[in-house]
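Sequences listed follow chains A, B and C, in order. Using the working numbering, the first residue of the first sequence is number 1, and each one after it goes up by one. Using the working numbering, the first residue of the second sequence is number 1, and each one after it goes up by one. Using the working numbering, the first residue of the third sequence is number 1, and each one after it goes up by one.
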Amino acid sequence: MSVTTDETVLRSEISGPVPVEKPQRRGFLAAGHYIPYALLLPAALSLVAVLAYPLYSLFDLSFRNVNRYAYLVNPSLAKYVGFDGFAKVFGDGQFWEVVLRSVYFTVELVVLSMVLGMLFALLLNRVSGWVKVTAITVMMFVWAIPALVTGTIFRWLFASNGGVVDYVAYLVSGNESVKHYDWFANPTIGLYVVAAAVIIWGALPFLVLGLNAALTQVPKELMEAARLDGASPFQAFRHVVIPVIRPFLMISAALSFIWDFQVFAQVFSLRNTSPEPGYWTIGTYLYEKGIVASKYSDSSVISIAMIVLMLAVLVFYIRQMLKIGAQDR
Amino acid sequence: MNRKIAAVAAVATVLVASACSSSGSSGDAKQATLSKDGKGKKITVWLMDDAQKGWPGVVDAAKAEFKAQTGADVDIQWQTWTNYTTKLDTALLSGNAPDAIELGNTQTAKYIEAGSFVDLTGVKGQFENSDKWLDSLAASGQSADGSKTYAVPYYAGARVLIYRKDLFEAAGVKDAPKTLAELKDALAKVKAANAAVPGFSALYLPGQNWYTAASFGAGSFGVKGIVAKKDGDKWTGTLTDPKFVDGVKTWNDLQKEFSVGGTTTDEATQDALMAKGNIAAIVGAGWELGSVIDPKAGDPSLKDKLATIALPGADAGSTTPAFLGGSDLAVPAKAANPGLGATFLQIYTNTKQQTELAKFAIPNAKNLVAAYKAASPANKATGDAAEGSTWFIPNSPMWSGADETALKNAFGAIAGGGDPAAELKKVQDTVVKDLNG
Amino acid sequence: MTTAAPAPKVRATVRPTGENRTMTWIWNVIGLGFAAVMAFPIYWMIITTFKTNKDLISKDPTFWPSSFSFQSFQTIFDDKDFLPSLQNTLLITLGSVVLGLVVGFLGAVAVARFSFRGRSFFIVTMLVVQMVPLLAIIVPLFVVMNGAGMTGTLFGVMLAYLVFTVPYVIWTLRSFIVNIPSELDEAAMVDGCTQWGAFFRVILPLTLPGLITTGVYCWIQAWNEFIVANTLLSTGGQRTAMGWLTFYATTPTRGADYGAQMAGALMVSLPVILMFVLFQKKVSAGLTAGAVKG
């Protein structure tokens, strides 16, 4: 690529957009107004084709009482009940208890996984090549092993009968009694320690590799310039690295929030398909109260409540994120 | 790319159609006929992989006999239990449902209510041994009032006591215990003799194994109406009945006294743990004996040291009622060839195939259990248990996995030190609310 | 906390000196420690597949098999359903990743490079779509696909997977594309490239790290997905590798074969891992050279 000079890069990144002749239409393909729509067409078309009916049905079901399979098969038996379904779910004390637990749990997961992910992504740029390859290979393993199996493995690791974690604790402490410590007896420990470990463990490969890829976009020249200007390492990170990776940082944080808030599979398999109420976050609540019982309307109401809750948390954030890539920023 | 676009367009066109046409009609379920006219046809049958790994020969024999009688071929599509409910929910809704399916006997009620199965009442008489089907299993295939039959019993399973003869004998217990009191005495001796073994369980009773815990409740309460019984249109709970609570307390006492380290787990790992050597007895399904001595995951040297008996009851000669789990077979109402599907089920469950099946699992009829018991000494106990008094969950379309989870957790909480009466009250409220919709 | 680690990094990339070589080794040790912690559960899974029953029934866990048994792998390779189901998974994954990346990339360029009416609506919709629990829409999804005659076909599953790949690709790739200065496209055009030439020669290579990251993510999601594939394929008698793995789970008539299940999972995952590691080595030179330099 001979087209780029370091100068161009520096100028565009440091002193903001360069004045160009047509400020409204920057970049390639900026010829016609139809272009963005043409680019979006395949995405919109395929999603509408696959999702339009399921989403319509999600809303439709939430206003009906299709809470048994017979009603799903014979829709004429069911009737529209307005907001009764919502009143029922919102009137359930357990629902709010679960929402609160989901919020705590999600905050823990997002903060820990983002901080750890960032640290390790930076670390990967500091280590020798072979260490980096080793770490990436390990992370690919972690990522590629199906969730079906990871639940089983962690159940073994934390078992109170012959589990490795207890055994290592015993080897370290020499205390025979920790050998049969039951990690799952107290849901607070089981959820916020063990389940959180499983989920963060599973989330790190995506975050570390993603953040590491984003870091490659930080121009070396900028770092050099910052250093020559006498910026401290922290200042350089804060003012050079963060602005460049900010889009990915925000988006991965938002996605982590969405995934962690509706987390289900890991907790479900960790508790061997029957999680105790103390382990229920909103994803498990949806499964136990709606899906598994064939309560299609209740599932829809809970799903919609989940989406609304997530949007409420993200509303400020969405405004920030909309600006990414908007030409009139 | 062209193919993609075409397909997307196809989906889009169908959207409107499917949104409008999804309302089916089924006031009265279709009546079954047994069709023999299958020349050049091929029917699709969903069977669980239990048969694929356990008794493929029986399936092949049935296929051959079916081909001879009707001229049609059978395409067996092997299924697994994981996520099977979703699969059934969707497949039974669609126009191309299989011609015959297997499903768990706790899953049938909701599909029967929804009219998803062909009514077999009229042809039931032509199914061999249909008058001698195992009670609990037959009931799971019937309408709520028992007047109509929609599903055919396939095979059953029951839990028994699997114990270490050598450890019992070393502790001075020569004969198999005949009553619960004798069992308790025996376990106390075994426990005392092995006091030096770390983490030793004379009887391992994981807290979340609710089928076993509720069996003790059924032992004192009776086998009818376990969990809940129907009064007119309403279900009322029976978990808090003092007799049931008494039985649960018996279980809880045994659990507290003789079981180590299993309060928050279910029975999934008990075979592997028993193979490790510090468990003298478990309550498990018949095949679990093979699991304990499995050369790959267990300890083959225990082969001659294990024995099984039906779990004793309060009096000599009685047993603690076992939960009768099992599988049923049914013909989906939307099958393309329901008549041929029914014929295949008739052949697959006839005396010949079921006698062969009896080598591997408890067959569907009482008169064939003898063959099962004769097939192997280990089968005697499970056969006894199935022939003895057995219990079953409420036969309600509203029963679901959520209720089983709630019950597992309730008994786990009791094992973890919760008050039995209070925990049972809590779970009863949940389950009865579900059952009454 | 975030401030500590990156600090010396800045200098090291600039000037590797003797002092920094020591630092590199310290970082290496920390990096290996992290890798070891991450790897332990995987290690445990792998040695489980080799353990003989002697190790399995020992009272305390053993960290190294006393002898190696290949029985679990024997079971897997003797299973005639293994390769066909792996092939189905491969086809579905390839199809959905390629489709998802192409469709998503175009969408990402649109939202990253243009302002247009409906842009905000589109972006928010893409976010909301990712919030919809798949479990809650599986039945209507089946109804749609069945109506289109695509249940029981691999292509139907590919299409269904676009539901989670496309929104994800659009969201994530956008963050990579905005970091490519738009002057680059113009510079390329000045150099005599056509608009599309500029696009393919400038934007595409610069988005490569992002494309790889999102592609790998989509690949793994599709590879390991179970419920949608299991439900949509039900009427055709086909199954994917994840469905095949459930054949080793506990049933009412036999116990789970965990050894075979673990070995199977390993065999199913290995192609993905190998592919990525090889791929990674090939592209990493281009990646680390500083993407913006092109």
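Built from N, CA and C at the ideal position, the CB exists for glycine as well.
Checklist entry - By the criterion of Cβ-Cβ separation under 7 Å, what are the contact partners of C/Asn-88 in chain B? => result None at all; the shortest Cβ gap to chain B is about 14 Å.
Checklist entry - Does the beta-carbon of B/Ile-293 have 16 or more other beta-carbons within 10 angstroms, so that it is buried, or is it exposed? => result buried
Next on the checklist: Using a Cβ-Cβ cutoff of 8 Å, what residues of the region 96-130 of chain B are near chain A? List them in chain order.
Outcome noted: Lys-110, Tyr-111, Glu-113, Ala-114, Gly-115, Ser-116
Item to check | Status (buried if at least 16 other CB within 10 Å, exposed otherwise) for B/Gln-463 | outcome: The shown model of chain B, from 1 to 437, leaves out residue 463 of chain B, and the question about it has no answer.
Checklist entry - Is DSSP giving B/Pro-332 helix, strand or coil here? => result strand
Item to check | Backbone secondary structure at B/Pro-153 - three-state DSSP | outcome: strand
Item to check | Residue environment, B/Gln-31, which counts as buried when at least 16 other CB atoms sit within 10 Å | outcome: exposed
Next on the checklist: Judging by CA-CA distance, which residue of C/Tyr-168, C/Tyr-217, C/Tyr-161, C/Gly-197 is the nearest neighbour of C/Ser-96?
Outcome noted: C/Tyr-161
Checklist entry - Would you call B/Pro-198 buried or exposed, if buried means 16 or more other Cβ atoms sit within 10 Å of its Cβ? => result exposed
Next on the checklist: Can you find the residues in the same chain that come closer than 8 Å, C-beta to C-beta, to B/Trp-55, ignoring five residues on each side of it along the sequence?
Outcome noted: Glu-356, Leu-357, Lys-359, Phe-360, Ala-361
Checklist entry - Going along the region 174-191 of chain A in order, which residues come within less than 9 Å of chain B, judged by CB to CB distance? => result Glu-176, Lys-179, His-180, Asp-182, Trp-183, Phe-184, Ala-185, Gly-190
Next on the checklist: Quick check: the Cα distance between B/Phe-323 and C/Gly-100, rounded to an integer number of angstroms?
Outcome noted: 49 Å
Next on the checklist: Which same chain residues end up closer than 6 Å to B/Arg-164 when comparing Cβ atoms and leaving out the 5 residues on each side of it in sequence?
Outcome noted: Ala-280, Lys-305
Checklist entry - Distance, Cα to Cα, B/Phe-442 vs B/Ala-218? => result Given that chain B is displayed from residue 1 to residue 437, the structure contains no residue 442 of chain B and the question cannot be resolved.
Next on the checklist: DSSP three-state label for B/Met-48, please.
Outcome noted: strand
Checklist entry - In terms of residues, what are the limits of the alpha helix (DSSP H) holding A/Ile-199? => result 196-215
Checklist entry - With which residues is B/Asp-73 paired in a DSSP beta bridge? => result B/Lys-42
Next on the checklist: Counting only Cβ pairs nearer than 8 Å, list the residues of chain B close to C/Gln-71.
Outcome noted: Lys-296
Next on the checklist: Is the beta carbon of C/Gly-210 closer than 8 Å to that of A/Ala-253?
Outcome noted: no
Checklist entry - What is the residue span of the beta strand (DSSP E) that B/Glu-102 lies within? => result 100-104
Checklist entry - What does A/Tyr-167 reach in chain C if we use C-beta pairs closer than 7 Å? => result Asp-60, Pro-61
Next on the checklist: Just to make sure I have the definition right: I need the residues of chain B whose C-beta is within less than 9 Å of the C-beta of A/Lys-289. Which are they?
Outcome noted: Ala-402
Item to check | CB contact check: C/Trp-244 to chain A, cutoff 8 Å | outcome: no
Checklist entry - Among C/Gly-255, C/Ser-269, C/Met-262, C/Met-275, which has the Cα closest to the Cα of B/Glu-288? => result C/Gly-255
Item to check | Same chain, Cβ closer than 8 Å to B/Phe-344, five either side skipped, listed in chain order | outcome: Ile-43, Val-45, Ala-62, Phe-66, Val-74, Asp-99, Ala-100
Checklist entry - Whose Cβ in chain A lies nearer than 8 Å to the Cβ of B/Gly-437? => result Asn-67, Arg-68
Next on the checklist: Need the endpoints of the alpha helix (DSSP H) that A/Gly-117 sits in, please.
Outcome noted: 93-126
Next on the checklist: For B/Phe-117, list the residues DSSP reports as bridge partners.
Outcome noted: B/Pro-332
Checklist entry - Should C/Ile-26 go down as buried or exposed, given a rule of 16 or more other Cβ atoms within 10 Å for buried? => result exposed
Item to check | Cβ-Cβ distance between C/Met-158 and C/Ile-227 below 8 Å | outcome: no
Item to check | Own chain residues within Cβ distance below 8 Å of C/Ser-182, not counting five before or after | outcome: Arg-113
Next on the checklist: Between which residues of its own chain and C/Ala-263 is the CB-CB distance below 6 Å, once the five residues before and five after are set aside?
Outcome noted: Thr-49, Ser-72, Phe-73, Ile-76
Item to check | Alpha-carbon spacing of A/Val-178 relative to A/Asp-166, whole angstroms | outcome: 6 Å
Next on the checklist: Alpha carbons only, please: which of A/Val-133, A/Asp-298, A/Thr-106, A/Val-193 is nearest the one belonging to A/Val-263?
Outcome noted: A/Thr-106
Checklist entry - Among C/Leu-141, C/Gly-243, C/Asp-79, which has the Cα closest to the Cα of C/Asn-88? => result C/Gly-243
Item to check | Span separating the alpha-carbon of B/Ala-51 from that of C/Val-163 | outcome: 36 Å
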